[in-house]
Amino acid sequence: MDNVSRRGFLRAGGVVAAASTLALPTAPASAAGSNGRLRIGFIGPGGRGYGAHVKSLCKLNTDGAKIDLVAAADVYEVHRDRAVDTIKKETGFDAKGYVDYRDMLAKEKLDAVCIGTPDHWHAKQTIDSMNAGCHVYCEKPMTHTVEEALEVVAAWKKTGKCMQVGVQSTSLPCWNQVRGLLQDGKLGKVMMFQTEYFRNSAMGQWRYYKLDEKMTPKTINWDLWLGTKEGLSPARPFDREVYAQWRRFWDFGSGMYTDLFVHRTTVMLKATGLRFPGRVVGAGGIYLEYDGRDVPDVATVVADFPEGVQGLVSSTMCNQESRIQQLIRGHYGSFVFGNGEDFDSFEFIPERSQVTKSKLNNETIKVEKLKDSTYTHFANWISAMEADKPELCNNTPDLGAAAIAVVNLGAKSYRFGKVFHFDREKMAVADADSSWSKQWEQRSHARGKPNQIPGWKGGDYGSLLDEPDYMSLAGPWVNGQPPKGRDAAGG
Ligand SMILES: NC(=O)c1ccc[n+]([C@@H]2O[C@H](COP(=O)([O-])OP(=O)(O)OC[C@H]3O[C@@H](n4cnc5c(N)ncnc54)[C@H](O)[C@@H]3O)[C@@H](O)[C@H]2O)c1
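Residue 0 is where the sequence shown starts when you use numbering that gives the first Met the number 0, and the numbers rise one by one after that.
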């Protein structure tokens, strides 16, 4: 390990306590935790699970992280063998291959697993792994349904394990910086966020995942892929298209709502401090991509939060060169970000001085860029595990579940023609009714103050309305007489 990469891991982990335990990797460990090293196994080292999970952890191992990569479970023989071979080549570990992850959990005395399977397996494998005593890194979207997301949070709280949800952009320093500025009241009352994830493809979104002749019922355990026995998806015949391009079908994912929107939504929640929405509606349709898919090629989610903030996520999979801006709006100004996550600054755009009552200036606010957010996200997880502090993970399951509630209820709203409420006290989803609009009308009629984002320190800055003198003339006339001012009129 060279000093540059060791420093890279130290910096990426960001936890001093963990950093002090770093040492050069020694020979592969033979027993669980015998030398203070973490025994890690992979579940579903396919596209992401191989390219990001196996590769990043091999790199972290050679950069000095105290991790042993000991096993890989995949229902597809080709992916399983590739993971085992790469681990051997890059780290020297003789990782063992498994078809069923439950055998791996039973036999390998693992400290942690990385889950990179299709979405319909995430919750079950996460909960099984935590119950088997493992810390978990699980790909986004954290789960396939809101109910599963709440079960994962319950298991996380019960077991006290470190769980990192794989939205790697939550490890970008930018979003904590934005949250600090918002909480300090830089924008005044926070009103809206909007974000996007546009794409375009000549062959139809996600059809670029190649079908391969090697994919057969002999090389793939189809029952274990479907999870029908486990109640995870209905039975259907083996089909290479479904295996390779499962994102196009509701049984396994929820199209762009969850595959893509969850990235940007999670960081918007992180930046604003918002969590579960109060009311969610989704829209969209399949307007061009008639290729046998279930999921829309145009989609929008509108989520309203009890803090009095609205979130908009909107995109198409058939146009990407003219995206909507990614931003957060407040009463006194906006933060305008670049598209995606690869930017080194963002803009503060103030509102007019007639509104803000003093001149605010445009600003360019610098942010720290990362070379590899996935590597940093894994390093953060390792640091949290070493410190045994689940709260140190940059994307904990409670944030993951809140993001799922936004994007998944958006998809459900589109599919089932409903608007949903989320009740934070009962932690439950319900069909929407008029109570959402009624509560705001009552607030307005009572001339109350606005709700603020969590952690708000801005006082009344940017949060109160001016009352023009002539409003004293407002109010109902009684017996042909003008009102004696609002207080007298009881308004
Ligand atoms: N964070 C990111 O930027 C990012 C990028 C791509 C994908 N992902 C996520 O990663 C996950 C996987 O996506 P992908 O494109 O790599 O899919 P994939 O189909 O390429 O890989 C999934 C792998 O899981 C295996 N598998 C399926 N069921 C299994 C089971 N029960 N036990 C063990 N292995 C099983 C498959 O054989 C395959 O090798 C998805 O949830 C996706 O949303 C995240």
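All C-beta atoms, glycine included, are put in the ideal place defined by N, C-alpha and C. In this text the structure is predicted, and so the values were computed from the model without any measurement.
Per-residue burial, residue i [other beta carbons within 10 Å of its own, 16 or more giving buried]
i: tyrosine 286; result: exposed
i: glutamate 340; result: buried
i: tyrosine 100; result: buried
i: alanine 16; result: Confidence in alanine 16 is poor, its pLDDT being 29 and thus under 50, which makes the residue's placement unreliable; the coordinate value appears in the next sentence. Alanine 16 is exposed by the Cβ-count criterion.
i: methionine 202; result: exposed
i: phenylalanine 260; result: buried
i: proline 24; result: Reliability fails at proline 24, whose pLDDT of 31 lies under 50, so the model's placement of it is uncertain and no value is given.
i: histidine 134; result: buried
i: methionine 470; result: exposed
i: glycine 479; result: exposed
i: valine 477; result: exposed
i: arginine 38; result: buried
i: glycine 284; result: exposed
i: tyrosine 75; result: buried
i: glutamate 466; result: exposed
i: threonine 363; result: exposed
i: serine 29; result: Because serine 29 carries a pLDDT of 35, less than 50, the predicted location of this residue cannot be relied on, and no value is offered for it.
i: alanine 26; result: Here alanine 26 scores only 33 on pLDDT, less than 50, and its place in the model should not be relied on; the value that follows carries that caveat. Classification of alanine 26: exposed, given that the 10 Å Cβ count is below 16.
i: tyrosine 207; result: exposed
i: arginine 36; result: buried
i: phenylalanine 415; result: exposed
i: leucine 268; result: buried
i: glycine 457; result: buried
i: serine 344; result: exposed
i: aspartate 387; result: exposed
i: proline 475; result: exposed
i: aspartate 62; result: buried
i: glutamate 146; result: exposed
i: threonine 142; result: buried
i: asparagine 199; result: exposed
Residue i versus the options, residue with shortest Cα-Cα distance
i: glycine 187; options: Ser462, Thr227, Arg263; result: Ser462
i: tyrosine 196; options: Cys133, Val266, Thr144; result: Val266
i: glutamate 89; options: Ala445, Lys58, Glu362, Met162; result: Lys58
i: glycine 399; options: Asp67, Thr144, Gly40; result: Thr144
i: tryptophan 120; options: Ile42, Gln353, Phe419; result: Ile42
i: glutamate 492; options: Val53, Asp303, Ser313; result: Only positions 0 to 490 of the chain appear in this structure, which leaves residue 492 out of reach.
i: tyrosine 460; options: Ser200, Asp238, Glu288, Thr355; result: Thr355
i: serine 55; options: His444, Thr373, Ala402; result: Thr373
i: proline 117; options: Thr61, Asn60, Ser232; result: Ser232
i: serine 433; options: Lys425, Val418, His444; result: Val418
i: glycine 454; options: Gly184, Gly35, His78; result: Gly184
i: valine 189; options: Asp468, Gln451, Ala473, Lys483; result: Gln451
i: valine 312; options: Ser357, Val294, Glu306, Ala410; result: Ala410
i: methionine 335; options: His420, Asn130, Phe192, Asn360; result: Checking the sequence shown, residue 335 turns out to be valine, not methionine. Checked all of His420, Asn130, Phe192, Asn360; the closest Cα to valine 335 is Phe192.
i: glycine 40; options: Ala243, Glu212, Ala131, Trp245; result: Ala131
i: arginine 239; options: Glu212, Gly337, Ala51, Arg423; result: Glu212
i: aspartate 80; options: Glu146, Val98, Gly63; result: Val98
i: asparagine 407; options: Arg36, Val428, Glu320; result: Val428
i: isoleucine 219; options: Gly46, Lys228, Gly230, Phe237; result: Phe237
i: tryptophan 205; options: Ala82, Arg247, Gly46, Ala431; result: Arg247
i: proline 44; options: Ala445, His78, Ile403, Thr257; result: His78
i: phenylalanine 342; options: Met103, Thr158, Trp174; result: Trp174
i: proline 216; options: Val294, Gly230, Lys160, Arg235; result: Arg235
i: tryptophan 435; options: Gly307, Ile403, Ala298; result: Gly307
i: methionine 162; options: Glu390, Ala431, Gly447; result: Glu390
i: glutamate 346; options: Arg423, Gly159, Ser128, Val177; result: Val177
i: asparagine 360; options: His376, Gly332, Asp387, Gly337; result: Gly332
i: leucine 464; options: Pro449, Lys123, Glu385; result: Pro449
i: isoleucine 114; options: Ser321, Glu146, Asp73, Asp102; result: Asp73
i: alanine 154; options: Lys123, Gly165, Gly230; result: Lys123
i: arginine 47; options: Lys483, Arg263, Thr158, Ala243; result: Ala243
i: alanine 64; options: Met426, Gly281, Leu210, Met384; result: Met384
i: glutamate 229; options: Ala402, Asp296, Asp127, Val280; result: Asp127
i: threonine 85; options: Tyr49, Asp102, Ala111; result: Tyr49
Worksheet item: Fully enclosed by the stretch 78 to 141, which beta strand (DSSP E) runs are 3 residues long or longer?
Response: 95 to 97, 111 to 114, 134 to 138
Item to complete: Give a yes or no on contact between the stretch 433 to 441 and the stretch 326 to 338, applying the rule of three or more CB pairs nearer than 8 Å.
Response: no
Worksheet item: Okay, do the stretch 265 to 283 and the stretch 245 to 252 touch, 3+ Cβ pairs below 8 Å being the bar?
Response: no
Worksheet item: Can you give, in chain order, each stretch of the beta strand (DSSP E) that sits fully within the stretch 150 to 208 and has at least 3 residues?
Response: 162 to 165, 189 to 194
Worksheet item: Can at least three beta-carbon pairs, one atom from the stretch 150 to 170 and one from the stretch 389 to 402, be found at a separation below 8 Å?
Response: yes
Discussion item. Does the structure place the stretch 373 to 384 close enough to the stretch 141 to 152 that three or more beta carbon pairs sit under 8 Å?
Written reply: no
Worksheet item: Is it a yes or a no for the stretch 336 to 352 touching the stretch 222 to 239, going by three-plus beta-carbon pairs under 8 Å?
Response: no
Item to complete: May I ask you to verify whether the stretch 62 to 78 touches the stretch 91 to 100, counting CB pairs closer than 8 Å and requiring at least 3?
Response: yes
Discussion item. Going residue by residue through the stretch 405 to 485, where are the continuous beta strand (DSSP E) segments of at least 3 residues, counting only ones entirely within it?
Written reply: 419 to 422, 427 to 430
Worksheet item: Can you find at least 3 beta carbon pairs, one from the stretch 103 to 113 and one from the stretch 359 to 370, that sit closer than 8 Å?
Response: no
Practice prompt. Any chance you could list the alpha helix (DSSP H) runs of at least 4 consecutive residues sitting entirely within the stretch 276 to 364, in chain order?
Written response: 352 to 355
Discussion item. Suppose only complete runs of 4+ residues qualify. What are the alpha helix (DSSP H) ranges in the stretch 203 to 273, listed by chain order?
Written reply: 221 to 225, 239 to 243, 254 to 258, 260 to 271
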